[in-house]
Amino acid sequence: MAQDIQVSTFTGPELIAKLPAVAALRIAVFREYPYLYDGDNKYETRYLHTYSESPDSIIVLATDGEEVVGASTAVPMRHAPDEAREPFAAFGINPDRVFYLGESILYPQYRGRGIGSRFFEERERHAARLGGFDYHAFCAVERPHDDPRRPMDFRSLHAFWNRKGYYREPRLYTSFYWREIGEARESPKPMVFWLKPVGANAAAPAAVGAN
Numbered sequence: 001m002a003q004d005i006q007v008s009t010f011t012g013p014e015l016i017a018k019l020p021a022v023a024a025l026r027i028a029v030f031r032e033y034p035y036l037y038d039g040d041n042k043y044e045t046r047y048l049h050t051y052s053e054s055p056d057s058i059i060v061l062a063t064d065g066e067e068v069v070g071a072s073t074a075v076p077m078r079h080a081p082d083e084a085r086e087p088f089a090a091f092g093i094n095p096d097r098v099f100y101l102g103e104s105i106l107y108p109q110y111r112g113r114g115i116g117s118r119f120f121e122e123r124e125r126h127a128a129r130l131g132g133f134d135y136h137a138f139c140a141v142e143r144p145h146d147d148p149r150r151p152m153d154f155r156s157l158h159a160f161w162n163r164k165g166y167y168r169e170p171r172l173y174t175s176f177y178w179r180e181i182g183e184a185r186e187s188p189k190p191m192v193f194w195l196k197p198v199g200a201n202a203a204a205p206a207a208v209g210a211n
C-alpha cells in the first residue's frame, strides 16, 4: 500500500462524524457499473442509519492527506437490515453468528495499492475481537453477462474475493432497492451473498443449507 495513504478505523460513537464522508463516496463510486446507483442523501441517511445505531459496527477509512478516498463498513448481522438478515435464517444459518461486511468503496485512482485487502483485514480483525461468529458475509449485485451497460474494461472482483477466502453462494440471495441511472424511482436489485467460514464451528461450504 502506498505510504501516503492512511487507513484508520472508527467504531461506536466515532462513526457518526464519518458518515457524511461515506455517503459522498458511495454516491460517487457506486455510480459506476455494476451498481449504476443514482444516489441521493435520503437513501444514504436511511442506509447508513444501520451503522450509526450499532455499537459494534466499524468503518475503515482511507485518507490521502485530508481527503477521504476510500471507506469500508461492517456490522454484526443481528444489527443489519432485514433484507440482509432474513435470508440467512431461511437458509439455515443463524444470523447472530454472521458478521456482515457492508461495502468497500475506493476512488479509481487509488485502486491496486493494497487498500482493498486492508479493508478486509481490518473488518475481519474487528469481528475477531467481538467474537462469536461462524461466517463473514457480504452481498454483491448480479448483472447479466450481456448487459449492454457493461464497460469494455470492466473487471470483476470475483477472483479477488476468492483470494480473500470468500465463496459465492448462489442459493443465498436477497434484493436491495435503489434508484439506478435512468430510473424514475427505486426498484429491486438482485444481490447474491459471498461467505467466508470462520471459527471452529464453521460449516463446510458444501454442507451449508443442505437441510
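Be aware that the sequence shown starts at 1, since it is given in full-length UniProt numbering, and climbs by one per residue. We put the beta carbon where it would ideally sit given N, CA and C, even for glycine. Bear in mind the structure is a predicted one, so any value in this text is a computation, not a measurement.
**OP:** Could you name the residues of the same chain whose beta carbon sits closer than 6 Å to that of Asp56, not counting the 5 residues immediately before and after it, in chain order?
**Re:** For Asp56, the CB contacts under 6 Å within the same chain, skipping 5 residues up- and downstream, are Pro76 and Leu130 in chain order.
Original post:
Relative to the alpha-carbon of Glu44, which residue among Trp161, Phe120 and Tyr177 has its alpha-carbon at the smallest distance?
Top reply: Ranking Trp161, Phe120 and Tyr177 by CA distance to the CA of Glu44 puts Tyr177 first.
Original post:
Hey, Gly116 and Phe160: beta-carbon distance below 8 Å or not?
Top reply: Less than 8 Å divides the Cβ of Gly116 from the Cβ of Phe160.
Original post:
Thinking C-beta only, is His136 closer than 8 Å to Lys196?
Top reply: Against a cut-off of 8 Å, the Cβ pair of His136 and Lys196 comes out as a contact.
Original post:
Which of helix, strand or coil does DSSP assign to Met152?
Top reply: The answer is coil: DSSP assigns Met152 none of H, G, I, E or B.
**OP:** If I'm right that Tyr100 touches Ala62 with Cβ under 8 Å, what's the distance once you round it to whole angstroms?
**Re:** That pair is no contact at about 20 Å.
**OP:** Mark Glu14 as exposed unless 16 or more other C-beta atoms lie within 10 angstroms of its C-beta, in which case mark it buried.
**Re:** The residue in question, Glu14, is exposed, as its Cβ has fewer than 16 Cβ neighbours within 10 Å.
Original post:
Can you tell me the Cα-Cα spacing of Ile27 and Leu36, whole angstroms?
Top reply: Annotation: Ile27 to Leu36 spans about 10 Å, alpha carbon to alpha carbon.
Original post:
Since His49 is in the alpha helix (DSSP H), which residue starts that stretch and which ends it?
Top reply: It spans Asn41 to Glu53 - the alpha helix (DSSP H) in which His49 sits, taken as one unbroken run.
Subject >> Boundaries of the beta strand (DSSP E) in which Ala127 is found, first to last residue >> reply: Taken as a continuous stretch (DSSP letters only), Ala127 belongs to no beta strand (DSSP E), being part of the alpha helix (DSSP H) at Ile115 to Leu130.
Original post:
Between the C-alpha atoms of Ala74 and Glu121, what's the straight-line distance to the nearest angstrom?
Top reply: The alpha-carbon of Ala74 is positioned some 12 Å away from that of Glu121.
Original post:
Tell me which same chain residues have a C-beta within less than 6 Å of the C-beta of Asp96, skipping the five on either side of it?
Top reply: Arg78.
Original post:
When you compare each of Val198, Met191 and Gly182 to Asp38 by their alpha carbons, which one comes out closest?
Top reply: Answer by Cα proximity: Gly182.
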